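Notes for the one structure printed next.
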Amino acid sequence: MNPDFEVKVLLKASAVLGSDNKPNDAVASAFSLSGGAKKMNVQFFDTNCQEIYKSGWSLRIRKSEGENEFEVNYKKRYPLDEGFSTTDADAVSAGVKAAESDGFASSLGYEAQVEVGYQKKTLSISHTATHPDSGFSGTTLPAEDKSREFLNTYAPEKFRTWASSNWGSEKLEESRIYGPVLAKRFKGKWNGLRVSIEVWPIRSSKLNAELENIVEVSFKADILTTALEQRGKLVAFVESQGWLVPKDSLKTALIMERY
-8 MNPDFEVKVL LKASAVLGSD NKPNDAVASA FSLSGGAKKM NVQFFDTNCQ EIYKSGWSLR
52 IRKSEGENEF EVNYKKRYPL DEGFSTTDAD AVSAGVKAAE SDGFASSLGY EAQVEVGYQK
112 KTLSISHTAT HPDSGFSGTT LPAEDKSREF LNTYAPEKFR TWASSNWGSE KLEESRIYGP
172 VLAKRFKGKW NGLRVSIEVW PIRSSKLNAE LENIVEVSFK ADILTTALEQ RGKLVAFVES
232 QGWLVPKDSL KTALIMERY
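So that you can map any letter, position 113 of the sequence shown is 104 in my numbering, and since no number is skipped, the others follow by simple counting.
Structure (C-alpha cells):
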C-alpha cells in the first residue's frame, strides 16, 4: 500500500473566525479563499463503552451539501509515533507493514493515508462505500436504525471479523450515534498548495451542549518530504499571524469524548 499524506494544523477560532463563524477577512486573504462554504453533516457510531474506537476503528456516515449520496466510511488507525521507528520515513514504512500484516491491501478496497499533525502522525486505512440519499433532503443524516443498517450492509470483512468471527456486526448492534456535527469547509490556496479550512462546531463537553468551534487548515501531498517541508512552512506562517494552536487536531477524539 502506498499512502498519500494530509497535513492538518489547528487554528485559534477566536483569532480566525468572524461573528458569523466564517473565516475573517485576514484569513480569507491569506489563504485566497474562494466561493462559499460547503456544509458536511457527520456522525460516528460506537458502543457506549466505545469498543470500536478503542480497537483502533472509527465508523462514520457523512452527507455533503450538493451531493446525492451518503458516504459510509470505516477507518482503522495506526499511530506512527508510538514505537514504530525514530525516523519519519521508517515510521511510515513500519506502519504500512503492520497494516499489511493485519490483512489490509489496496486490492481489497482499502486506501492508505498518513495524517500529519502538529507533532503526531497516524496511518489511516479506509474503506468507503456510498448509498443513495433517496428520501432525504439537504444534509439530513439517517436515524440510528437506518444508519446501523447502512454500516452493516457495507462493512468490509476485516471490520466484521476483527476480534472474532462476527465481532463487527455484534458491536454495531450495540452501537449508538456520536454526533451529528454540521461542519463547513472553505477551499483556497497558499504557497502553491490547495488548502481547505474546516470549521467543526463540537459541543463543549458531554454535559454542556454549548458549541466550541474547532478550526483546522489542511493540505494534501503525494510524498512525505513535501508534506513535512510544507507543514513546517505552514506552522511558521500561522504562528507568525498569531493563529496557531500548538497541538494536534483530534476532531474524532473530541466527538467520541463529548457526545
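The C-beta atom is built at its ideal place from N, Cα and C for all residues, glycine as well.
Model, not experiment: these values are computed from the prediction.
- Classified as buried, arginine 68 has 16 or more neighbouring CB atoms from the shown chains inside 10 Å of its CB.
- The continuous beta strand (DSSP E) containing lysine 30 extends over residues 25 to 38.
- Here lysine 197 is exposed, its C-beta having fewer than 16 other C-beta atoms within 10 Å.
- At a Cβ-Cβ threshold of 7 Å, valine 107 and arginine 222 count as neighbours.
- Val229 is the residue among Val229, Arg249 and Lys242 whose C-alpha sits nearest the C-alpha of alanine 21.
- Per the coordinates, the alpha-carbon of isoleucine 214 lies some 7 Å from the alpha-carbon of phenylalanine -4.
- One alpha carbon belongs to glycine 100, the other to alanine 212, and they sit about 21 Å apart.
- Separation of alanine 85 and lysine 111 (C-alpha to C-alpha, rounded to the nearest whole angstrom) is 15 Å.
- Contiguous alpha helix (DSSP H) elements confined to the stretch 65 to 89 do not occur, taking only those with 4 or more residues.
- The criterion of a C-beta distance shorter than 7 Å is not satisfied by phenylalanine 61 and leucine 50.
- Residues Lys178 and Gly179 of the same chain have their beta carbon placed closer than 7 Å to that of serine 25, with the five preceding and five following residues left out of the count.
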